[in-house]
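Okay, structure first, notes after.
Number of protein chains: 2
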Amino acid sequence: MTKSKFAISVHILTLLTSVKEEWLSSEYIAGSLNMNPVLVRNELSNLKKNQLVESKEGKGGGVRLAKAANKITLGDIFTAIKKNHIFGLAKNEPNPKCPVGNQINRHLTDLFAEVDQVVEEQLHAVSLGDFQERFEF
Amino acid sequence: MTKSKFAISVHILTLLTSVKEEWLSSEYIAGSLNMNPVLVRNELSNLKKNQLVESKEGKGGGVRLAKAANKITLGDIFTAIKKNHIFGLAKNEPNPKCPVGNQINRHLTDLFAEVDQVVEEQLHAVSLGDFQERFEF
DNA sequence: AAATACTGTCATGAAAAATATTTCAGTAAT
DNA sequence: ATTACTGAAATATTTTTCATGACAGTATTT
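Chains as they are written, first to last, in the working numbering: chain A, 116 to 252; chain B, 116 to 252.
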């Protein structure tokens, strides 16, 4: 998981929420995010895989929300972008001969899973609709 | 914040917990983590700044816990290593002319602060002593 | 049927961040 | 005086993230 994938996906989905049923192009979305359209398409690809958006190819195509903004939670977005735990293990395998090094990754992994779950629950309490209401248009 | 700084610091502190009052050298600790001693010293420097460990220079020196393992929580470690929010904003400034791009970072930042706090609270519920008890020695 | 405007995907390159290594000045015990 | 440490700076290497270009495929419009 890239730390900023969540921000990018929430941005995209908030944008889609704000235009209701309209199809937006990756180019247009990239203009709001100020980033490369290919990266946006990559994120969209993931959101689509997770059934948060649907797309239409060809001229006049683009993407839009796959369901109502009230039916999508920030937790759904989190699980969609989540690849690894929020916290990461150290790069190298700890020393297996050390009693601590031997077990640490197992215990850390358990802990990290608990943290992920708490965050997910917290984020499930906020729908995309709720989030969008925080904006002043 | 590096995603793995937390894992590294918890490892170090668990190791220190397991040897009670003993002074451990950065070289020894690095052996358990299987990483470069200089990186360990960098982490120790941060932990020391946050009063979680104390150090002794010279021969026979090293580091040890600055207080009882029961008086240090994983939340304390989290705040010690925390530099930015758990989630990050996108690299580029969003388009200020876009109504969403205009406000998104403000709202995301608020959200991210709430997430950080929930995680911190969760981690405060576990002391280093508690964590160490999960190990089988 | 040709032009246009999209998605979807791959391949490659550039920039940034994380990690590793070397070195050495300073300190304290032996 | 020697040894074994911390602390810190400078630099190199590796890994990850982000950016860009290219293009095949698809649907709409003229």
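Virtual Cβ for every residue (Gly too), placed ideally from N, Cα, C.
{"query": "Return the chain-ordered list of same chain residues with a C-beta closer than 6 Å to the C-beta of B:LEU243, the five sequence neighbours on each side being excluded.", "result": "LEU128, THR132, ALA184, ILE187"}
{"query": "Throw me the rounded Cβ distance for the B:ASN220 and B:ALA195 pair, which I believe falls under 8 Å.", "result": "Incorrect: roughly 26 Å between the Cβ atoms, too far for contact."}
{"query": "Ends of the alpha helix (DSSP H) at B:SER119?", "result": "Premise fails: B:SER119 is in no alpha helix (DSSP H) and is neither H nor E."}
{"query": "Alpha carbon to alpha carbon, how far is A:VAL178 from A:ASP191?", "result": "18 Å"}
{"query": "For A:ALA205 and B:ALA145, which I take to be in contact (beta-carbon distance under 8 Å), what is that distance rounded to the nearest angstrom?", "result": "At roughly 11 Å, the Cβ-Cβ gap does not stay under 8 Å, so A:ALA205 and B:ALA145 are not in contact."}
{"query": "Is B:ALA122 close to chain A, meaning its C-beta is less than 7 Å from at least one C-beta of that chain?", "result": "yes"}
{"query": "To the nearest angstrom, report how far apart A:GLU229 and B:ASN151 are at their CA atoms.", "result": "29 Å"}
{"query": "Would you verify that the beta carbon of B:ARG249 is, or is not, closer than 7 Å to some beta carbon of chain A?", "result": "yes"}
{"query": "Could you spell out where the alpha helix (DSSP H) holding B:ARG221 opens and where it closes?", "result": "214-239"}
{"query": "Given a cut-off of 7 Å, decide if A:GLY216 and B:SER147 are closer than it, judged by their beta-carbon atoms.", "result": "yes"}
{"query": "Let me know if B:GLU248 comes out buried or exposed under the rule of 16 or more other beta-carbons within 10 Å of its beta-carbon.", "result": "exposed"}
{"query": "Taking DSSP's pairing of strands, which residues face B:THR188 in a bridge?", "result": "B:SER242"}
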